[in-house]
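Accompanying notes for the structure given below.
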Amino acid sequence: MNKEIKESICLSDNKEIIIETGLLAQLAHGSALVRCGNAMILATVVSNKEPKEGVDFLPLSVDYQEKYAANGKFPGGFLKREGRLSEHEILISRLVDRALRPLFPDAYNCETQVLISLISADENVMPDALACLAASTAIMLSDIVFNGPVAELRIARINNRWEINPSSVQLETADIELMVAGTIENIVMVEGEMKEVSEEEMAEAIRVAHEAIIKLCELQNNLVIKVGVKEKRSLAEVKEDLVLRDKLNEWCRPQIEKALTDQILSKEERKSTMDEVKKSFISNLKENTQELKPLIEKYFSALKKETLRNAIIKNGIRLDGRKSDEIRPISIRVNYLPSAHGSALFTRGETQSLTSVTLGNKKDEQMIDGVTMEGSNKFMLHYNFPPFSTGEAKPMRGTGRREVGHGNLAMRSLKQVLPSQEECPYTIRVVSDILQSNGSSSMATVCAGSLALMDAGVPLKRAVAGIAMGLIKEGENYAVLSDILGDEDHIGDMDFKLTGTEKGITGCQMDIKIEGLPYSILLKALNQAKAGREHILGCMSKVMPKPNNTYKPNVPQMIRFDIPKEFIGAVIGGGGKVIQGLQKETETSISIEEDGPIAHIEISGLGEDGLNKAKNFIIQLTVVPEVGVIYEGKVCGIMPFGAFVEILPGKQGLLHVSDIAWERVENVSDYVKEGDIIQVKVIEIDKKSGKMKLSRKALIEKPLEQ
277 MNKEIKESIC LSDNKEIIIE TGLLAQLAHG SALVRCGNAM ILATVVSNKE
327 PKEGVDFLPL SVDYQEKYAA NGKFPGGFLK REGRLSEHEI LISRLVDRAL
377 RPLFPDAYNC ETQVLISLIS ADENVMPDAL ACLAASTAIM LSDIVFNGPV
427 AELRIARINN RWEINPSSVQ LETADIELMV AGTIENIVMV EGEMKEVSEE
477 EMAEAIRVAH EAIIKLCELQ NNLVIKVGVK EKRSLAEVKE DLVLRDKLNE
527 WCRPQIEKAL TDQILSKEER KSTMDEVKKS FISNLKENTQ ELKPLIEKYF
577 SALKKETLRN AIIKNGIRLD GRKSDEIRPI SIRVNYLPSA HGSALFTRGE
627 TQSLTSVTLG NKKDEQMIDG VTMEGSNKFM LHYNFPPFST GEAKPMRGTG
677 RREVGHGNLA MRSLKQVLPS QEECPYTIRV VSDILQSNGS SSMATVCAGS
727 LALMDAGVPL KRAVAGIAMG LIKEGENYAV LSDILGDEDH IGDMDFKLTG
777 TEKGITGCQM DIKIEGLPYS ILLKALNQAK AGREHILGCM SKVMPKPNNT
827 YKPNVPQMIR FDIPKEFIGA VIGGGGKVIQ GLQKETETSI SIEEDGPIAH
877 IEISGLGEDG LNKAKNFIIQ LTVVPEVGVI YEGKVCGIMP FGAFVEILPG
927 KQGLLHVSDI AWERVENVSD YVKEGDIIQV KVIEIDKKSG KMKLSRKALI
977 EKPLEQ
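Now the structure itself:
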């Protein structure tokens, strides 16, 4: 029988975190269970013993999935079983992947799979903050070579107090929310959103988070000691040819250095130049170059990286000749798409985003029905990265994880400045299509998204801009780079994306590829990013200083008002007949939302006349008829004993034959016909049934007796 071994810690009030192993998934190479309250997360890791032939990278896959049974729910849809990962699950998978990946040795190339499952949910525990802890513990318990442990948590500032792993309810009042991952020594990943806070406040959040991360890493070490440390696998021997490496360095280094000195601005020209340098070396080799090709690629890539890094560190030379804090040229056009509700074309260097905004009604909201989340979303941002944007031809296989992650960062950055529901009642969809990419396409999306929203007439509090920062560090020497190129990201030690307004930071995403990032460097990067952000905001302000005062003519107009809840049935009608007929007649879209004793009515459409007609009709439905009041009504039916008259929408009364005229009425149709509009007076309302008696003759002067 398997033996359960546990370790626990309390990071905040009444929130004990327990990590355990020994009971579940014992055929995996490593498995761990994390508990907090009723939440339970199971993580497993399996890694092949040998790498695939020709693989010189780590084939790591990380998948996080929430089981519907964990919260006593059925999956939606026809199949009624869990399927492909939701965007929510993809984002959590990415958070864990980005924390784990840098900690595997470069020489470890065996296919590795990390699976994380939420198997029991707790409404007061957000499971994404515990997923990485479970995954790292599973790897630490295995024989896989791993430079961990690593842990990840959420830190938030709520009412000026730092909270570790708060509940979703607590987060509603937070002004800083970050997911931070790190080891005992270093921070490796940061992502989150903020309500226009300062650089110093963000750095403080990371510092406080790291203190708690250290405790979670020590917790993992304690569990491993209890279980017993497994002997780690031997790394595969790396095939080397030092003679070939020296030849390549001697031949190629001067030409790479010359290409740097020439400061070739175009990404394609730089790539073409580097390819020619490599080809010239291969053409002068006497050996069998086909067999040596993998080593040549490896040595040339390493030499290029070393040469580029040295040029930046020692000589201050960037690939395109810019200074370390210099921003690439910016070009902006707004209202570029004439039929869109709002649009902007933002180009920075060789990175370009064409972004559109669509404004819709309540029916356009995104419905959320997940394991741990339910509700609707009124603000969506979708980021598309087609292969032509980098000059490549690749199959289009749907939205990738990178696109989901970049879109989420831009969405969280912009939502901090959105107006209130009263100021802008629309459902908003922003779509960024990346047409060119050479670094910082997600930050171009933030800039273009802000401009497009303002062009659409959405009253943003302030414009938002984004910038990607890089770092090259060799020993004590380092250079912080503003607005990095794609190649600078590839050879660098940090990719730090920061977004914000003139008042402060609204979003961030940081991946650190090296050990040891002093807070002094972090603060320098933050302050340099602030200066770059202010420059970009200045460029944006020249084109779009403030949001447009009005919406475009093709944007649906909208009316919102409230009615008593008890009239919802009357507005909808039997089988939806009333509301459907009204929408068709007025060419509008009508939605109803219950809220306690009232119902919110939203009417949208392109014609003002239709909007007003629909509103007046609904308002009349809520009017309660009164005895003694005169109404203008429509004759709806003729009977031998009288006529039925609709005095208000959905409210009919009986005009008895004796109340049609003063004289004796033999035939009702001689006085009124179906469809006639007549005036009647309410003379009686039955208190129990609500039935009304109407009179026409009460409005006719009584004739003199003959």
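So the sequence shown is numbered by this note's numbering: it starts at 277 and just counts up by one.
All C-beta atoms, glycine included, are put in the ideal place defined by N, C-alpha and C.
Exercise for the section: Could you spell out where the beta strand (DSSP E) holding Glu-296 opens and where it closes? Expected result: 291-297
Problem - Local conformation of Asp-382 per DSSP, three classes - result: coil
Handout entry: Inter-residue Cα distance where the pair is Ile-431 and Asp-640
Key = 33 Å
Problem - Backbone secondary structure at Gly-918 - three-state DSSP - result: strand
Handout entry: Beta-carbon contacts of Gln-446 that lie in its chain and below 8 Å, excluding the five residues immediately before and after
Key = Ala-432, Ile-434 and Glu-439
Exercise for the section: Ignore the nearest five residues each way along the sequence and tell me which others in Arg-609's own chain have a CB closer than 6 Å to its CB. Expected result: Leu-621
Handout entry: For Met-786, the residue or residues it bridges with in DSSP
Key = Val-466 and Phe-772
Handout entry: Close Cβ partners of Lys-282 (< 8 Å) along its chain, the five nearest in sequence each way excluded
Key = Ile-294, Ile-295, Glu-296 and Leu-499
Handout entry: Through-space distance from Tyr-340 to Pro-403, alpha-carbon basis
Key = 10 Å
Practice task
In angstroms with no decimal places, state the Cα-to-Cα distance between Val-706 and Gly-618.
Solution key: 9 Å
Problem - Same chain only: Cβ atoms within 6 Å of Ile-936, ignoring 5 sequence neighbours per side - result: Tyr-947 and Arg-972
Problem - Option nearest Asn-586 by Cα separation, candidates Gly-751, Pro-570 and Lys-654 - result: Gly-751
Problem - Beta carbon of Ser-716 nearer than 8 Å to that of Ile-743 - result: yes
Practice task
Name, in chain order, the residues that DSSP records as bridge partners for Pro-403.
Solution key: Answer is none; Pro-403 lacks a bridge partner.
Handout entry: Segment limits, alpha helix (DSSP H) that includes Lys-800
Key = 795-819
Problem - Beta-bridge partners of Ala-427, as assigned by DSSP - result: Gly-458
Problem - Option nearest Phe-350 by Cα separation, candidates Leu-518, Lys-547 and Asp-645 - result: Asp-645
Handout entry: Length of the line joining the Cα atoms of Gln-982 and Glu-939
Key = With a pLDDT of only 43 at Gln-982, under 50, the local geometry of the prediction cannot be trusted, and the value read off the model is given with reservation. One C-alpha to the other measures close to 12 Å.
Problem - Secondary structure of Phe-259, DSSP reduced to three states - result: Only positions 277 to 982 of the chain appear in the structure, and residue 259 is not among them; the question remains open.
Exercise for the section: State whether the stretch 679-697 contacts the stretch 779-796, with contact taken as three or more CB pairs (one from each stretch) at a distance under 8 Å. Expected result: yes
Handout entry: Ranges of the beta strand (DSSP E) found wholly within the stretch 294-362, counting only runs of at least 3
Key = 306-312, 315-323 and 336-342
Exercise for the section: Reducing DSSP to helix, strand and coil, say where Ala-669 ends up. Expected result: coil
Exercise for the section: Per DSSP, which residues does Ser-747 bridge with? Please list them. Expected result: Checking the sequence, you will find Leu at residue 747 rather than Ser. Partner(s): Val-756 and Met-770.
Exercise for the section: Put Ile-482 into one of helix, strand or coil per three-state DSSP. Expected result: helix
Problem - Span of the beta strand (DSSP E), counted from its first residue to its last, around Asn-653 - result: 650-653
Exercise for the section: Note down, in chain order, each residue of its chain lying with its Cβ closer than 6 Å to the Cβ of Lys-554, except the 5 sequence neighbours on either side. Expected result: Phe-576
Practice task
Please say whether Asp-769 and Leu-747 have beta carbons closer to each other than 8 Å?
Solution key: yes
Handout entry: Own chain partners of Ile-588 with C-beta closer than 7 Å, once the 5 adjacent residues on each side are dropped
Key = Arg-594, Ile-748 and Ala-755
Exercise for the section: Look at the alpha carbon of Gly-306 and the alpha carbon of Val-338, and state the distance between them as a whole number of angstroms. Expected result: 14 Å
Practice task
Determine the extent of the beta strand (DSSP E) in which Ala-620 is found, giving its start and end residues.
Solution key: 618-624
Exercise for the section: Could you have a look at Glu-432 and say whether DSSP puts it in helix, strand or coil? Expected result: With the sequence shown as reference, residue 432 is identified as Ala, and Glu is not the correct amino acid for it. Three-state DSSP puts Ala-432 in a strand.
Practice task
Using 10 angstroms around the beta-carbon of Pro-671, count the other beta-carbons present and answer buried if the total reaches 16, otherwise exposed.
Solution key: exposed
Exercise for the section: Return helix, strand or coil for Val-956, following the three-state DSSP convention. Expected result: strand
Problem - Contact set for Asn-653: own chain, Cβ-Cβ below 7 Å, skip 5 residues either direction - result: Glu-641, Gln-642 and Ile-644
Exercise for the section: Indicate the three-state DSSP secondary structure (helix, strand or coil) for Tyr-575 in the structure shown. Expected result: helix
Problem - Within 8 Å, strictly: CB atoms of Gln-833 and Leu-711 - result: no
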